[in-house]
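One rule links them: number in this note's numbering = place in the sequence shown (from 1) + 77.
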Amino acid sequence: MNILSLLTGFACGIGAALLFMYQWRRQQLQSFREKEERLQLFVRNAEEKSETVAREIDLQAKAERLRIEEQMKEKFSARQEELDRLKQRFDKREEQLDRKFDQLDQRENDLERRRAQVEQEIRTLESRKEACKQREEEIDTRLEEVAGLTAEEAKTQLMAGLQETVRREGANFLKRSEEEIRENADRKAQEIMATAIQRLAGEYVAERTVTVVAIASEEMKGRIIGREGRNIRALEAATGCDLIIDDTPEAVVISGFNPVRRQVARQALEELITDGRIHPARIESLVRKAEKSVNNEIREAGEQVILDLGLTGIHPEIVKLVGTLKFRTSYTQNVLSHSVEVARFAGVMAEELGLDFNLARRCGLLHDIGKALDHEIQGSHAVIGGQVAKKYKEHPLVVNAIWSHHFDIEPISVYGPLINAADALSAARPGARRENVETYIKRLEALESMAMEFPGVEKAFAIQAGRELRVMVAYDRVKDEGAMTLAGEIATRVENELTYPGQIRVTVIREMRATAVAQ
Numbered sequence: 078m079n080i081l082s083l084l085t086g087f088a089c090g091i092g093a094a095l096l097f098m099y100q101w102r103r104q105q106l107q108s109f110r111e112k113e114e115r116l117q118l119f120v121r122n123a124e125e126k127s128e129t130v131a132r133e134i135d136l137q138a139k140a141e142r143l144r145i146e147e148q149m150k151e152k153f154s155a156r157q158e159e160l161d162r163l164k165q166r167f168d169k170r171e172e173q174l175d176r177k178f179d180q181l182d183q184r185e186n187d188l189e190r191r192r193a194q195v196e197q198e199i200r201t202l203e204s205r206k207e208a209c210k211q212r213e214e215e216i217d218t219r220l221e222e223v224a225g226l227t228a229e230e231a232k233t234q235l236m237a238g239l240q241e242t243v244r245r246e247g248a249n250f251l252k253r254s255e256e257e258i259r260e261n262a263d264r265k266a267q268e269i270m271a272t273a274i275q276r277l278a279g280e281y282v283a284e285r286t287v288t289v290v291a292i293a294s295e296e297m298k299g300r301i302i303g304r305e306g307r308n309i310r311a312l313e314a315a316t317g318c319d320l321i322i323d324d325t326p327e328a329v330v331i332s333g334f335n336p337v338r339r340q341v342a343r344q345a346l347e348e349l350i351t352d353g354r355i356h357p358a359r360i361e362s363l364v365r366k367a368e369k370s371v372n373n374e375i376r377e378a379g380e381q382v383i384l385d386l387g388l389t390g391i392h393p394e395i396v397k398l399v400g401t402l403k404f405r406t407s408y409t410q411n412v413l414s415h416s417v418e419v420a421r422f423a424g425v426m427a428e429e430l431g432l433d434f435n436l437a438r439r440c441g442l443l444h445d446i447g448k449a450l451d452h453e454i455q456g457s458h459a460v461i462g463g464q465v466a467k468k469y470k471e472h473p474l475v476v477n478a479i480w481s482h483h484f485d486i487e488p489i490s491v492y493g494p495l496i497n498a499a500d501a502l503s504a505a506r507p508g509a510r511r512e513n514v515e516t517y518i519k520r521l522e523a524l525e526s527m528a529m530e531f532p533g534v535e536k537a538f539a540i541q542a543g544r545e546l547r548v549m550v551a552y553d554r555v556k557d558e559g560a561m562t563l564a565g566e567i568a569t570r571v572e573n574e575l576t577y578p579g580q581i582r583v584t585v586i587r588e589m590r591a592t593a594v595a596q
């Protein structure tokens, strides 16, 4: 009985073990199948993702290729336009050369014809000369017989009598010739200037110290001001300009003496109004964006002007300064337009005088380059401009013309006086500059009367449109060292008491005159 129960128990144990092994093996197979299914699913997902990534890479490559193609097309179009402009210029120059060659051929034919005529006249004159010589010998013989004098004796008497007459007539002739030459020179200069004016018709842009920005509604004023004024303070701090928000309907006034900053403030404010999101962080971002835009506008304006005038080899920093003149005015005359006009005037007059056309234009365009920096550097704009041109390796004649166009130094070539004349033409044309005549006259009178108040001053003259004050002092009352001190005292008083644009040079002249009377 015990053996049977043991066998039964052993059989049950073996059965249970076999059943456990079977269930364990079944679970292992099921786990392997699940892992295999997950692995297949992972592989399928990986394949799908790789296909998606491949398609995205392909699309990006196509988009990049299209973008590069568009850029290349734009560059090609720009280069093609530039080539077309150059071709037009070359064609025009070729036509001009053809006309000149035709004129030269015609002149050469005329000269040949005139040379033949002159040779014929010379032969005729030679024959007449021989006849006159024979006639002269006959007359001399008869005169000697009648006068009872030899030819040498008569010549001596005649020379003695004619010397005084010739001397007197020569002096009168020289005087008349000098007057005639002076009149002709003045008339020729007027003709050249008149020709330059007639060949150029310029437009003028009047700028002020304020800019007005239109707004859609009065509600926008409150948003521009912001809570406790934080928005308007942020905008004023970022741009350096004052914003005036008053009762003027649907308008905000930007005030500032720096036109570049006013332009930045105007663009930033317009962008803020259009966007509608007005807060300090957004203001700073848009001001930086506007500064980049204005800098690009300055650079493009300078490059366009230089391209229009046909100039080359100008330093990029000077190009930037030229573009900055777009936002500068002098007596409401836009300085960039004025500089372009002076360049064209100088070029026309240089052609009339047979000078270098391009060099004259270069001098004219850069003559007021110092006005782009005269708020940052002390000194006359002519001196500043000359120093800038010298710094960036401009031609020595250009540097001297800029430096001397207001005669701060002596010109070393004809281009200095030429630029001075072109500058005066552009500034003095009707409508070019606006200044109250009464204020202008009062300023000149104040200059002269102020100088006359100093002891020892005999006369005072305000010249060059009030840019220079010449003071004549008494020789016996003011010494040489006193004249230098007097010039400084007058200049100091002018600075303290008068308001004027630019600089005023004070020149004190002490002259000694010695007079004697012959009885």
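The C-beta atom is built at its ideal place from N, Cα and C for all residues, glycine as well.
Outcome for residue i when other beta-carbon atoms lying within 10 angstroms are tallied against a minimum of 16
{"i": "R343", "result": "buried"}
{"i": "N411", "result": "buried"}
{"i": "V289", "result": "exposed"}
{"i": "W101", "result": "exposed"}
{"i": "Q107", "result": "exposed"}
{"i": "G92", "result": "exposed"}
{"i": "L163", "result": "exposed"}
{"i": "D182", "result": "exposed"}
{"i": "N435", "result": "exposed"}
{"i": "V396", "result": "buried"}
{"i": "T569", "result": "exposed"}
{"i": "I581", "result": "buried"}
{"i": "K150", "result": "exposed"}
{"i": "E280", "result": "Summary for E280: the model assigns pLDDT 44, below 50, so the residue's position carries little reliability; its value from the coordinates is reported in the next sentence. Classification of E280: exposed, given that the 10 Å Cβ count is below 16."}
{"i": "V382", "result": "buried"}
{"i": "R438", "result": "buried"}
{"i": "I80", "result": "exposed"}
{"i": "V282", "result": "For V282, the pLDDT reaches just 39, beneath the cut-off of 50, and the residue's location in the model is therefore unreliable, although a value from the coordinates is still provided. Exposed is the call here."}
{"i": "K126", "result": "exposed"}
{"i": "I258", "result": "exposed"}
{"i": "L495", "result": "buried"}
{"i": "I446", "result": "buried"}
{"i": "G90", "result": "exposed"}
{"i": "L143", "result": "exposed"}
Beta-ladder partner(s) of residue i, from DSSP
{"i": "N308", "result": "None, per the DSSP bridge assignment."}
{"i": "I454", "result": "In DSSP, I454 forms no bridge with anything."}
{"i": "T406", "result": "N411"}
{"i": "L546", "result": "A539 and V583"}
{"i": "L235", "result": "DSSP lists no partner for L235."}
{"i": "S416", "result": "Paired residues: none, contrary to the question."}
{"i": "V534", "result": "V550"}
Cβ shell of residue i (< 6 Å), same chain only, five flanking positions each side left out
{"i": "R554", "result": "G533"}
{"i": "I355", "result": "R300, N308 and L349"}
{"i": "M67", "result": "Absent from the model: residue 67. The displayed extent of the chain is 78 to 596, so no value can be given."}
{"i": "T401", "result": "I375 and A449"}
{"i": "T576", "result": "none"}
{"i": "L521", "result": "A539 and G543"}
{"i": "H415", "result": "S503"}
Beta-carbon proximity list for residue i, same chain, < 7 Å, skipping 5 on both sides
{"i": "N477", "result": "P488, I489, S490 and G493"}
{"i": "A528", "result": "V534, A537, L546, V548 and I567"}
{"i": "H482", "result": "H444, A459, G493, I496, N497 and D500"}
{"i": "A551", "result": "G533 and E535"}
8 Å Cβ shell around residue i - same chain, five flanking residues per side excluded
{"i": "A328", "result": "V289, V290, A291 and I292"}
{"i": "I145", "result": "none"}
{"i": "E313", "result": "D319 and L320"}
Inter-stretch contact at 8 Å, needing at least 3 Cβ pairs: the region 371 to 386 / the region 306 to 324: no
Ordered list of beta strand (DSSP E) runs contained in the region 153 to 200, each at least 3 residues: none
Three-pair Cβ contact test at 8 Å for the region 461 to 471 versus the region 548 to 567: no
Complete runs of the alpha helix (DSSP H) confined to the region 463 to 513 [at least 4 residues]: 473 to 481 and 492 to 505
Inter-stretch contact (C-beta, 8 Å, three-pair minimum) for the region 389 to 400 and the region 349 to 361: no
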